[in-house]
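Q:
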Amino acid sequence: MSTATIAPKGPSSLRGARLPKWAPYGIAAGSVAVAIGIGLAGGLHSRIQWGLIAALLYLVGTYGIATAVEGKRQAKDRIATSFVWVAFLLAVVPLASLIWSTVVRGVKVLDIYFLTHSMGVVADTEPGGGIYHAILGTLEQVGLATVIAAPIGVLTAIYLVEYGKGSLSKAITFFVDVMTGIPSIVAGLFILSLMLMFDMQPFGFAGSLALAILMMPVVVRSTEEMLKLVPNELREASLALGIPKWRTILKVVLPTSIGGITTGIMLSIARITGETAPVLLLVWGNAFINANPFEGAQASLPLYIYQQYANSAGSGAAYDRAWAASLTLIAFVMLLNLVARGIARWKAPKTGR
Numbered sequence: 001m002s003t004a005t006i007a008p009k010g011p012s013s014l015r016g017a018r019l020p021k022w023a024p025y026g027i028a029a030g031s032v033a034v035a036i037g038i039g040l041a042g043g044l045h046s047r048i049q050w051g052l053i054a055a056l057l058y059l060v061g062t063y064g065i066a067t068a069v070e071g072k073r074q075a076k077d078r079i080a081t082s083f084v085w086v087a088f089l090l091a092v093v094p095l096a097s098l099i100w101s102t103v104v105r106g107v108k109v110l111d112i113y114f115l116t117h118s119m120g121v122v123a124d125t126e127p128g129g130g131i132y133h134a135i136l137g138t139l140e141q142v143g144l145a146t147v148i149a150a151p152i153g154v155l156t157a158i159y160l161v162e163y164g165k166g167s168l169s170k171a172i173t174f175f176v177d178v179m180t181g182i183p184s185i186v187a188g189l190f191i192l193s194l195m196l197m198f199d200m201q202p203f204g205f206a207g208s209l210a211l212a213i214l215m216m217p218v219v220v221r222s223t224e225e226m227l228k229l230v231p232n233e234l235r236e237a238s239l240a241l242g243i244p245k246w247r248t249i250l251k252v253v254l255p256t257s258i259g260g261i262t263t264g265i266m267l268s269i270a271r272i273t274g275e276t277a278p279v280l281l282l283v284w285g286n287a288f289i290n291a292n293p294f295e296g297a298q299a300s301l302p303l304y305i306y307q308q309y310a311n312s313a314g315s316g317a318a319y320d321r322a323w324a325a326s327l328t329l330i331a332f333v334m335l336l337n338l339v340a341r342g343i344a345r346w347k348a349p350k351t352g353r
C-alpha cells in the first residue's frame, strides 16, 4: 500500500505581483520632479502649468507602471483612484490659495478697532475706519430674511411631503426648482419694482425681502429631502395609535428630522450672507451706523467690500479694508457651517442596542 506524498505549501498562485504601498507617493514625487524640469526647460513660469503637467504625468505613470507590474485590470482600478485624487487636489488647491491670500492680506487691519467702528467721516482713500456698521446691517438683514423664509420653507416642504398630491403639488415643486436657479439680481429687481410702485426709499428690510426670496427654495428643497428620510413605519405606528396626522408630524416626523432641517437652514443662511447685487439695488449702503432696518439706507459686509474696492482709487487703505472685511465674511460663513455640523451631530438619531 503506497503512501501519497504531500507537497509542502508554497505561495498561492492566485496572488499576483503588487506595487508596494509607497509606490503612489514615489510616482507622485517623480511626476512633480519631471514637471518642474519640463517647466524650467520650456520656459513655463506659471506654477499652475507645472501642476497640470505633474497631474498628467502622474496619471500616465500610474497606469503604465501598474499595467507592467499588476496587469491591466488592477491598473484600471489604480487609475480610477488616481483620477479621484487629482480631482480632489484640483478642487482644494484654488480654495486653499483663496483662503491663504485672504488671511495674509486681511490681517493687516483686522483688529478690535476695525470690528467696533464704522467708516463715519473717514473717506474711502484714508486709513482708519471699520466695519461695525456693515456687520450690524448684515446681521439684521440676514436675520429678518431667515425669520421670513425659514417658516415658509419648512411649512411648504411639509405640505409637499405629507399632504401634497395632484397638480398643485407638481406646480409648487416646479416653481421651487425654478426659483433655486434664478440669479440674485432678479430677486432684487422684483423688490425694486415694488419699491418704485409705492415710491419707497432704500432701506434694510427691502434687502431682507430679496434675500428671503433666494433663501426659500433652498430651505424647501433641503427640508423636503430630510422629511423623506423619515421611515414611514414611524408615521404608521403613530397613526395606528389614533394620533392625528398633524400631531404625528409635530411630535414624530419633525423631531426625527430636526437635525437635517436645521442644517439646511443654516447652510441657506450662509448662501445668502454673501449676496451683493440685491443689497446694492435695495439698501444702497451707509457709512454711518443705522440700527433701524425699516428706515434709511444700511450697510452690509458684501456691499462694503464692493464699495471699498470700487471707490479705492488705488488707495492701499481701502484695499486693506476690503480684504479684512472679506476675511470677516469668510469667518462668519465658516462659523455658520460649523454650527450646522454641530447641530446635525447633536440631533442625529442615537444608535445603540
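Position 154 of the sequence shown, counted from 1, bears residue number 154 in the UniProt record's numbering, the numbering being contiguous throughout. Glycine included, each C-beta is placed from N, C-alpha and C at the ideal position. Remember, predicted model here, so these are calculated numbers, not experimental data.
Using only the heavy atoms of the ligand FAD, determine whether one of them is closer than 7 Å to the beta carbon of I99.
A: The model on display carries no ligand, and the ligand FAD is accordingly not part of it.
Q: Apart from the five residues just before and just after F288, which ones in its own chain have a Cβ nearer than 7 Å to its Cβ?
A: S118, G120, H133
Q: Does the beta-carbon of R18 have 16 or more other beta-carbons within 10 angstroms, so that it is buried, or is it exposed?
A: exposed
Q: Please report the distance separating the alpha-carbon of M266 from that of L40.
A: 47 Å
Q: Classify Q141 as helix, strand or coil using the three-state DSSP reduction.
A: helix
Q: Put W22 into one of helix, strand or coil per three-state DSSP.
A: Secondary structure at W22: coil, using DSSP grouped into helix, strand and coil.
Q: Here's a check: name, in chain order, each residue in its chain whose Cβ is nearer than 6 Å to the Cβ of V230, leaving out the five neighbours to either side.
A: V253, T256, S257
Q: What is the rounded straight-line gap between the Cα of G71 and the Cα of L59?
A: 16 Å
Q: Inspect the beta-carbon positions of R321 and G129 and report whether they are closer than 8 Å.
A: yes
Q: Going straight from the alpha carbon of L89 to that of A55, what length do you get?
A: Distance between the alpha carbons of L89 and A55 is about 9 Å.
Q: Can P293 and S208 be called in contact, C-beta distance under 8 Å?
A: Going by C-beta atoms, P293 is nearer than 8 Å to S208.
Q: Do M195 and A145 have their C-beta atoms within less than 8 Å of each other?
A: In this structure, M195 lies away from A145, with their beta-carbon atoms at least 8 Å apart.
Q: So, does the segment 320–339 touch the segment 97–108, judging by three or more C-beta pairs under 8 Å?
A: These segments touch.
Q: Which class does M1 belong to by DSSP, given the choice of helix, strand or coil?
A: The predicted position of M1 is uncertain, since its pLDDT is 45 and thus under 50; no value can be drawn from it.
Q: Output the boundary residues of the alpha helix (DSSP H) element that contains V93.
A: 72–106
Q: Can you pull the DSSP bridge partners for F298?
A: It is worth fixing the name first, because residue 298 is Gln in this sequence and not Phe. W284, per the DSSP bridge assignment.
Q: Considering Cα atoms alone, identify which of I112, G188, V220, A317 is closest to V154.
A: The candidate whose alpha carbon is nearest that of V154 is V220.
Q: Give every residue of the same chain whose Cβ lies closer than 8 Å to the Cβ of A35, excluding the five residues on either side of it in the sequence, and list them in chain order.
A: W50, G51, I53, A54, L57
Q: Have a look at Q141, V283, A318 and flag the residue whose alpha-carbon is nearest the alpha-carbon of A270.
A: Q141
Q: Are the Cβ atoms of V333 and G274 separated by less than 8 Å?
A: yes
Q: Please name the residue in G42, G64, R73, L44 whose C-alpha comes closest to that of A23.
A: G64
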